[in-house]
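Inspection log for the structure reproduced underneath, given as structure tokens.
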Amino acid sequence: MTEKSSGTQVEVNDEESLRRILSWRLHDWIVLGVAVLVNGLAWGIILWKLPPQEGTVFLHYNVYYGVDLTGAWVEVLMIPGSGLIILLFNTAVLWFGKKLDDTSRMLCLTTTAFIEVIILLASVFVVLLNS
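Residue numbers for the sequence shown follow the working numbering, beginning at 31 and rising by one.
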């Protein structure tokens, strides 16, 4: 296909540009899917290995003081819940911020996935602490 642009002809390959756009979008969806999957794993490991209970649970541990934060079982859900809030916020920013360049888009998505991995590790450690 040829387009005329101020008197000159420019060759535009529609199939190639469409493939490039779809590959960017596919990469975005893959990273977002990984972030959603990791957040789901964080929810799943807490709900599966740490059943609801009446007593207090350990929420934080450090090497100097040992367990330094305890609370109700429902407070454990704040760990994957905060990850879900971050995931939804960043997805909304990317969804409505259509003028973002590809570098900003991938940086935001990759950072979100990395945060979700950290939250999954925190969930695993809280489950191990309470086992």
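Virtual Cβ for every residue (Gly too), placed ideally from N, Cα, C.
Predicted model, so just to flag it, every value in this text is computed and none were measured.
Taking C-beta separations shorter than 6 angstroms and ignoring five residues to either side along the sequence, the partners of H90 in its chain run D98, L99, following chain order. In summary, N92 is exposed, with fewer than 16 beta-carbon neighbours lying within 10 Å of its beta-carbon over all protein chains present. In chain order, A72, I75, I76, I109, P110 place their CB closer than 7 angstroms to the CB of S153, counting only its own chain and leaving out the 5 sequence neighbours on each side. Rounded to whole angstroms, the gap between the alpha carbons of T140 and L62 is 8 angstroms. Excluding five sequence positions before and after W103, the CB atoms of its chain that fall closer than 6 angstroms to its own CB belong to P82, Q83, V87, given in chain order.
With respect to the 8 angstroms criterion, V68 and L150 are classified as neighbours on the basis of their beta carbons.
Taking 8 angstroms as the upper bound for CB-CB distance, L137 and V66 are not in contact here, some 18 angstroms apart. By the 16-neighbour rule on beta-carbons within 10 angstroms, A122 is exposed. Comparing alpha-carbon positions, the option among L80, L130, Y95, A143 lying closest to L158 turns out to be L80.
Taking the C-beta atoms as reference points, V106 is found nearer than 8 angstroms to V156.
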